[in-house]
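Asker:
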């Protein structure tokens, strides 16, 4: 199937999302787990396993986004741990700034 037909399709994971019959239109196997892509037509959802659509460059984009997110989460966890160890504070709610009062009468 041409790439232009897959423009604007959705990239999902079978553990969190389902579209139509969830049968790959390339290998005719059920999509029960892992990543897949889908597009909606007037008749049905067309779905494909990630393995059956590896030539789609959007998978590489999504992989980079996931890796960047995981790296950010790791840096955030390290920073939070360092903050807790340095300051000995876990709950910051008592230190939160009060909302600014409106100076208008």
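Residue numbers (our numbering): 159 to 263. For every residue, glycine included, the Cβ atom is placed at its ideal position computed from N, Cα and C.
#1: Rounded to the nearest angstrom, what separates residue 242 and residue 190 at their Cα positions?
#2: Would you mind working out which of 212, 180 and 193 sits nearest residue 205, comparing C-alpha positions?
#3: Going by the CB atoms, is the gap between residue 216 and residue 169 shorter than 8 Å?
#4: Nearest to residue 164 by CA position, among 185, 174, 228 and 197, is which residue?
#5: Mark residue 211 as exposed unless 16 or more other C-beta atoms lie within 10 angstroms of its C-beta, in which case mark it buried.
Answerer: If we stick to the structure as given:
#1: Position 84 of the chain shown, counting from 1, holds the residue named residue 242. Position 32 of the chain shown, counting from 1, holds the residue named residue 190. Whole-angstrom Cα-Cα distance: 41 Å.
#2: As a first step, residue 205 is located in the chain shown; it is residue number 47 there, counting from the start. It is 180.
#3: As a working mapping, residue 169 is identified with position 11 in the chain shown. As a working mapping, residue 216 is identified with position 58 in the chain shown. Yes.
#4: Indexing the chain shown from 1 puts residue 164 at position 6. That would be 197, whose Cα lies nearest to the Cα of residue 164.
#5: Counting from one through the chain shown, the residue named residue 211 turns up at place 53. Answer is buried; the Cβ neighbour count reaches 16.
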